[in-house]
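K.L.:
Numbering follows our numbering, in which position 75 of the sequence shown is assigned residue number 76; successive positions increment by one, without gaps.
Backbone N, C-alpha and C define an ideal beta-carbon position, used for all residues, glycine too.
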Amino acid sequence: MAAFCDKYRGRSRAENFVMREGIRYIGLTMKWLVTAKEKSESTQRYVDWLSRENVEGHLFLPENEVPPTASTWAALLLTGGGDVEPSLYNEPKRPETDDVSPARDAMELKLIERFLKAKKPIFGVCRGQQILNVALGGKLLQHLPPEVLTNHKGSQDVVHSIRWIPETAMGEKLGQALDVNSAHHQAINPQAIGAGLVACAWSVDGVIEAVEGSVHGSPLRAVQWHPERMQPREHPASLGLLQYWVALSSSKKRT
């Protein structure tokens, strides 16, 4: 894993945020900026997942200088990880809230701002959905109730069903009964969804499983589950979701 991080570290430096000379990016081959936790073993899964649709994922770590523009990138992918700092949504920290990284929070909030300004798509996975909600003024449930938590977090990924809201964009594209994986103890507060976002999928026990929206012309799509590690690889909540997101980031008509 260290070799992998070293391999991509140079590409994520601010001074390298340009298309590489001599390489043309055509068709569905595109560059996505992928936020990552330092030395995270899960990082490779995101890059491998994106590569299924010829997307080149470039890692961005908290230590990096946030680029002044997002014009180089096709999209931003906010990945999973630890909890978001509760003070960012004006709440005291509960005992269950842990693995908070102020540096990562600050980095991702700045990146969200840059990509919104550039009208580029922003996608989120698990924590990525949560930080996107917070960035738009929303709040989180810091710890799910015990009767709900058992359906969403365990020693390994938990599997549960979701239901799509048909009239939403993701509901129209992916709207079938799906079983998804789950590994989280926090979630978007349904009473405090960020400005410009709407819930488009729910679990049967009332947890928001996907959100979408458009802010300043920037398409926003996020899910609470982990599509990058779902099996089989062709699962519609994994491959189908990826294909939709890639099409959205390469299309001039973004719906």
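Where do the N-terminal and C-terminal ends of the alpha helix (DSSP H) with A170 fall, by residue?
P.N.:
170 to 175
K.L.:
Kindly give me the distance between the Cβ atoms of V126 and T73, rounded to whole angstroms, as I take these residues to be in contact under 8 Å.
P.N.:
With a Cβ gap of about 22 Å, V126 and T73 do not count as contacting.
K.L.:
Excluding five sequence neighbours on each side, which residues of the same chain lie with their C-beta closer than 8 Å to the C-beta of M231?
P.N.:
V181, N182, A238, S239
K.L.:
State the Cα-Cα distance for the pair D49 and E229, rounded to the nearest angstrom.
P.N.:
8 Å
K.L.:
Closest to Q131 by CA distance: which of V35, G83, T169, S250 is it?
P.N.:
Ranked by Cα distance from Q131, the options V35, G83, T169, S250 are led by G83.
K.L.:
Report buried or exposed for N134, applying the criterion of at least 16 other Cβ atoms within 10 angstroms of its Cβ.
P.N.:
buried
K.L.:
Just curious, the alpha helix (DSSP H) that A250 is in, first and last residue?
P.N.:
Reading off the sequence, residue 250 comes out as Ser, not Ala. Taken as a continuous stretch (DSSP letters only), the alpha helix (DSSP H) holding S250 covers 242 to 251.
K.L.:
Just to confirm, is the Cβ distance from A136 to I163 under 8 Å?
P.N.:
no
K.L.:
Would you kindly report the start and end of the unbroken alpha helix (DSSP H) that includes L117?
P.N.:
103 to 118
K.L.:
If you compare alpha carbons, which of H186, G58, G197, G176 is closest to L242?
P.N.:
Comparing Cα-Cα distances from L242 to each of H186, G58, G197, G176, the minimum goes to G176.
K.L.:
Got a sec: is the Cβ-Cβ distance from V48 to anything in chain B below 8 Å?
P.N.:
This model lacks chain B altogether, as it is built from one protein chain only.
K.L.:
Can you give me the Cβ contacts of W165 inside the same chain, cut-off strictly under 6 Å, excluding the 5 residues immediately before and after it?
P.N.:
Excluding positions up to five away in sequence, the list reads G172, G176, A202.
K.L.:
Kindly give me the distance between the Cβ atoms of D106 and L78, rounded to whole angstroms, as I take these residues to be in contact under 8 Å.
P.N.:
Rounded, the Cβ-Cβ distance is 16 Å, inconsistent with contact.
K.L.:
Have a look at A193, A211, R46, E168 and flag the residue whose alpha-carbon is nearest the alpha-carbon of G138.
P.N.:
A193
K.L.:
Measure the alpha-carbon distance for K94 versus P87 and round it to whole angstroms.
P.N.:
6 Å
K.L.:
Is it true that the CB of G218 sits closer than 8 Å to the CB of G197?
P.N.:
no
K.L.:
Starting from the Cα of K121, find the closest Cα among A75, A178, T151 and give me that residue.
P.N.:
A75
K.L.:
Nearest to D99 by CA position, among P167, S251, H144, is which residue?
P.N.:
H144
K.L.:
Using DSSP with H/G/I as helix, E/B as strand and the rest coil, what is S162?
P.N.:
In the three-state reduction of the DSSP assignment, S162 falls in the strand class.
K.L.:
When DSSP labels each residue in this structure, what does V67 get in the three-state scheme?
P.N.:
V67 falls in the coil class under three-state DSSP.
K.L.:
Thinking A223 and V212 are a contact (beta carbons under 8 Å), I'd like their distance in whole angstroms, please.
P.N.:
5 Å
K.L.:
Can you tell which of G195, H185, L34 has its C-alpha closest to the C-alpha of E57?
P.N.:
Cα-wise, what sits closest to E57 is L34.
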